[in-house]
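Undergrad: Attaching a single structure in structure tokens format; questions to follow.
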């Protein structure tokens, strides 16, 4: 048999599914009696069950982090990181990657049937927070027999989940890898999210979130949200280097069709996103970002106090050209951890790729992660 | 009679109007046989006609730069700069402020009647460029008997017009004040404009630009464009300082109504803009920004060569926290002018207010402009 996959790929993977019964009380006050999570795993759990790594996805991510669902398709979104011999080495670690509650890739979310109405939830799906996700991920860990993660890892909104894990379950996380994240959004971040939400909600096809019933989707709104997102995920410099002011036809056309290459790129990104992502999920995810603030309920809104109970070792990573989650935001986390006398390493990676860097194979970044995982003690390799 | 206006105000002002006949050939290849410009003037032209200053407005500006149309109303958009005793002192200078061709405040534009169809132009109004505007402003100067401007002044898109004036009519501009501008947009700038255009054009009420005929306006699209604009006009720091993460109701509501103060601000700004500004004009103005590139047609796309024929003295001003037209963009103009052996002064003003700074009474900025205008020689004061 010929193997169509590179030797450092986890190869063909299939999503798994777990159903959870018994009430889940959400931050919003709503309760879910039943929900399902879809997830993938790569590698094997060792006998001591101490080599498990949780991957937390970002705004538009899903459970398909590594490997292939079919030969010839694109691999998972963090395939450059996860695999046999890759920085997160699946010969050594058992990697678990769920789709978050409220998502649109298979876990219970707005596209699921609401048992109370026998219709899809749509806009009636409850708001979910980073804390809620951590709760559901802990239940998933229970069913997998994982008492304590070797590491919880995430970039952007995923990094927020890693941070929240260390706060909410200090004895269930040995290492928290918080990449290209922030302890809370800036006003500008919230403002961009609000524009994206407004684009979706003002789309004539949104129908108050009940677009499924009308057989349409708010594609223009989703497209706008994604176009805007892409601008903020990339640095000004990398946009200039990649697209410049190149004209697709070599000359100005004095019209509103695509003229500059950047317009073509953004429209393509927006259109393909609108075909694959659910608008209600997008709304929920942006709200979850806005709401994240682990210091909100501690005295004096003090992040140091929020982090004081964490016992994980932290690795915080930022990227020099990331202006959506700037290095200064990562340093706020680092300073709070140091002030709280926690164990933290910090690296700011030089990269021109902006916020997107966390998804890319930036050499120093991958070397840092490789070394960090190599030095992470586990009882024994699984095989 | 009591005077309701401050002593350093130009007081009550009334727009004037000029009609221009004879073909205007536009950069796009289109020709306008007839057009009108609305404008305001402040101060008096002196006998030597050498004290005239042209104000060029930015994306959403108009001819009402100073004074009041009615007592109690808000003054013009640059009222803090223009008036008796203000940095641009109307006791000394004769200030002319037109609404640009293609605008929606009275000059011929998409809202005007197309003589070819006896309907409003709407989307059939031709594209206008910065060069086209300079042509129309030169014709306006002719009718006012102004052979040479003491200064042409503008911020943002207005600064681009000041630069183009110095290139196209070197002997008709003694000073070009290029504030918070750039020699061309960056890819990121174009990308933001494209998102704004897409928001307008994908609004269900846009109707291909013929919304007037349907008795509607693409208010959601315009609102989105303006919300996005406001984010980019302000710095991250000033947004944080002004709005922070303050919750309007003091708590999370887990809903899509306004929660954070910044959301309230953006929605208000967007809604009021959608009521006062024409969508087709907005589209034209953003295209004019994207197209601006005075070096486009010179050998090797060399800005130095484009500026080599200018004989004006230049004052270039940038603001430290302006990330839409960053200081680096102003420095590109300055370096090109120096390389071309032109006369240029440059000042980078420390300000937290982002791109908006050029409209604000930033003390050092106003001191620089005051001094610059005070030292500008004119034959005699008008009175």
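Protein chains in written order, with this note's numbering: chain A, 1 to 383; chain B, 1001 to 1383. For every residue, glycine included, the Cβ atom is placed at its ideal position computed from N, Cα and C.
Select from 1099(B), 1114(B), 1321(B) the residue whose C-alpha is nearest the C-alpha of residue 1231(B).
TA: Position 231 of the second chain, counted from the first residue, corresponds to residue 1231(B). Selection 1099(B), 1114(B), 1321(B) evaluated against residue 1231(B) yields 1321(B) as nearest (Cα-Cα).
Undergrad: When you compare the CB positions of residue 1256(B) and residue 324(A), do they come within less than 8 Å of one another, or not?
TA: Your numbering for residue 1256(B) matches position 256 in the second chain. Your numbering for residue 324(A) matches position 324 in the first chain. No. Outside cutoff.
Undergrad: Provide the residue span of the beta strand (DSSP E) that contains residue 42(A), from first to last.
TA: Position 42 of the first chain, counted from the start, is the residue given in the question as residue 42(A). That run of the beta strand (DSSP E) goes 31–42.
Undergrad: State the CB to CB distance for the pair residue 1036(B) and residue 1117(B), rounded to an integer number of angstroms; the pair is presumed to be in contact (CB under 8 Å).
TA: If you number the second chain from 1, residue 1036(B) lands on position 36. If you number the second chain from 1, residue 1117(B) lands on position 117. Contact flag wrong, Cβ pair sits at about 18 Å.
Undergrad: Beta-carbon separation of residue 1076(B) and residue 1058(B) under 8 Å?
TA: Along the second chain, one-based indexing puts residue 1076(B) at 76. Along the second chain, one-based indexing puts residue 1058(B) at 58. In this structure, residue 1076(B) sits away from residue 1058(B), with a CB-CB distance that is not shorter than 8 Å.
Undergrad: May I have the straight-line CA-CA distance separating residue 89(A) from residue 373(A), to the nearest angstrom?
TA: Within the first chain, numbered from 1, the residue matching residue 89(A) stands at position 89. Within the first chain, numbered from 1, the residue matching residue 373(A) stands at position 373. Cα to Cα, the separation comes out at about 8 Å.
Undergrad: Within 10 angstroms of its Cβ, does residue 143(A) collect 16 or more other Cβ (buried), or is it exposed?
TA: Sequence index remark: in the first chain, residue 143(A) carries index 143 (1-based). It counts as exposed.
Undergrad: Would DSSP call residue 264(A) helix, strand or coil?
TA: Mapped onto the first chain, residue 264(A) falls at position 264. DSSP places residue 264(A) in helix when its eight states are reduced to three.
Undergrad: Quick check: is the beta carbon of residue 2(A) nearer than 8 Å to any beta carbon in chain B?
TA: Here residue 2(A) refers to the residue found at position 2 when the first chain is read from its first residue. With a pLDDT of 45 at residue 2(A), under the threshold of 50, the predicted position of this residue should be treated as unreliable, though the coordinate-derived value follows. So, not an interface residue.
Undergrad: Cutting at 6 Å between CB atoms, please list the residues of its own chain near residue 1337(B), excluding the five before and the five after it.
TA: As a working note, residue 1337(B) is residue 337 in the second chain. 1307, 1314, 1344.
Undergrad: Give, in chain order, every residue of the segment 1247–1268 of chain B whose Cβ lies closer than 7 Å to some Cβ of chain A.
TA: 1252, 1254, 1256, 1260, 1262, 1263, 1266
Undergrad: Judging by CA-CA distance, which residue of 330(A), 369(A), 376(A) is the nearest neighbour of residue 156(A)?
TA: Within the first chain, residue 156(A) is the residue found at index 156, counting from 1. For residue 156(A), the nearest C-alpha among the options comes from 330(A).
Undergrad: Would you identify the three-state DSSP class for residue 89(A), choosing helix, strand or coil?
TA: Locating residue 89(A) in the first chain gives position 89, where the first residue counts as 1. DSSP places residue 89(A) in strand when its eight states are reduced to three.
Undergrad: Please determine if the segment 1201–1210 of chain B and the segment 1174–1184 of chain B are in contact, where contact requires at least 3 C-beta pairs separated by less than 8 Å.
TA: no
Undergrad: By a C-beta neighbour count over all protein chains shown, 10 Å radius and 16 as the cutoff for buried, is residue 276(A) buried or exposed?
TA: Reading the first chain from its first residue, position 276 is the one you call residue 276(A). Answer is exposed; the Cβ neighbour count stays below 16.
Undergrad: Just to confirm, does residue 1037(B) get its C-beta within under 7 Å of one of the non-hydrogen atoms of the ligand COA?
TA: By its list of ligands, the structure shown contains no ligand whatsoever, and the ligand COA lies outside what it can speak to.
Undergrad: Hey, how far is the Cα of residue 1317(B) from the Cα of residue 87(A)?
TA: Start at 1 with the first residue of the second chain, and residue 1317(B) comes out as number 317. Start at 1 with the first residue of the first chain, and residue 87(A) comes out as number 87. Approximately 48 Å between the Cα atoms of the pair.
Undergrad: Does DSSP put residue 313(A) in a helix, a strand or coil?
TA: Indexing the first chain from 1 puts residue 313(A) at position 313. Strand.
Undergrad: Are at least three pairs of beta-carbons, each pair with one atom in the segment 241–256 of chain A and one in the segment 1221–1229 of chain B, less than 8 Å apart?
TA: no
Undergrad: So which residues on chain A does residue 1188(B) lean against when the C-beta distance must stay under 7 Å?
TA: To locate residue 1188(B), count along the second chain from 1; it is residue 188. The contacting residues are 231, 236, 239.
Undergrad: Let me confirm a value: residue 1341(B) is counted as buried when at least 16 other C-beta atoms fall within 10 Å, else exposed. Which label applies?
TA: By 1-based counting over the second chain, the position of residue 1341(B) is 341. Exposed.
Undergrad: Residue 286(A): buried (16+ other C-beta within 10 angstroms of its C-beta) or exposed?
TA: Taking the first residue of the first chain as 1, we reach residue 286(A) at position 286. Answer is buried; the Cβ neighbour count reaches 16.
Undergrad: Helix, strand or coil, according to DSSP, for residue 1137(B) in the structure here?
TA: Here the question's residue 1137(B) lines up with position 137 in the second chain. Residue 1137(B) falls in the helix class under three-state DSSP.
Undergrad: Taking Cβ-Cβ distances shorter than 7 Å, what residues in chain A pair up with residue 1197(B)?
TA: Taking the second chain and counting its residues from 1, one reaches residue 1197(B) at position 197. Ordered by position in chain A, the residues that pass the 7 Å Cβ test against residue 1197(B) are 256.
Undergrad: Which of the three DSSP states, helix, strand or coil, is assigned to residue 1077(B)?
TA: Position 77 of the second chain, counted from the first residue, corresponds to residue 1077(B). Coil.
Undergrad: Which residues, taken in chain order from the segment 200–219 of chain A, show a beta carbon closer than 7 Å to some beta carbon of chain B?
TA: 201, 202, 204
Undergrad: Does the segment 158–174 of chain A come within contact of the segment 124–132 of chain A, defined as at least 3 CB pairs closer than 8 Å?
TA: yes
Undergrad: Return the residue from the list 1378(B), 1379(B), 1358(B) that minimises the CA-CA distance to residue 1369(B).
TA: Counted from its first residue, the second chain places residue 1369(B) at position 369. Per the Cα distances, 1358(B).
Undergrad: Got a sec, what are the start and stop residues for the beta strand (DSSP E) residue 19(A) sits in?
TA: In the first chain, residue 19(A) corresponds to position 19, counting from 1. That run of the beta strand (DSSP E) goes 16–25.
Undergrad: Less than 8 Å between the C-beta atoms of residue 395(A) and residue 311(A), yes or no?
TA: Coverage of chain A is limited to positions 1 through 383, which leaves residue 395(A) absent and any answer about it impossible.
Undergrad: Does the Cβ of residue 1309(B) have 16 or more other Cβ atoms within 10 Å, making it buried, or fewer, making it exposed?
TA: If you number the second chain from 1, residue 1309(B) lands on position 309. Under this definition residue 1309(B) is an exposed residue.
Undergrad: If you count every other CB in all the chains shown that lies within 10 Å of the CB of residue 1002(B), and 16 or more means buried, which is it?
TA: One-based indexing of the second chain puts residue 1002(B) at position 2. Its pLDDT being 45, under 50, residue 1002(B) is placed unreliably in this model, and the coordinates cannot settle the point.
Undergrad: Roughly how many angstroms separate the alpha carbons of residue 1194(B) and residue 263(A), rounded to a whole number?
TA: For the purposes of this step, residue 1194(B) is taken as the residue at position 194 of the second chain. For the purposes of this step, residue 263(A) is taken as the residue at position 263 of the first chain. When the Cα atoms are used, residue 1194(B) and residue 263(A) turn out to be separated by approximately 6 Å.
Undergrad: Which same chain residues, not among the five before or five after residue 302(A), have their C-beta less than 7 Å away from its C-beta?
TA: Stepping through the first chain from its first residue, residue 302(A) is reached at position 302. If we look at residue 302(A) and ignore the five residues flanking it on each side, its Cβ neighbours are 295.
Undergrad: The alpha helix (DSSP H) with residue 1363(B) in it runs from where to where?
TA: As a working note, residue 1363(B) is residue 363 in the second chain. Segment 1363–1374, the alpha helix (DSSP H) holding residue 1363(B).
Undergrad: Compare the C-beta of residue 1227(B) against all C-beta atoms of chain A and say whether one is closer than 8 Å.
TA: Within the second chain, the letter at position 227 stands for residue 1227(B). Contact of residue 1227(B) with chain A is assigned, a C-beta pair being separated by under 8 Å.
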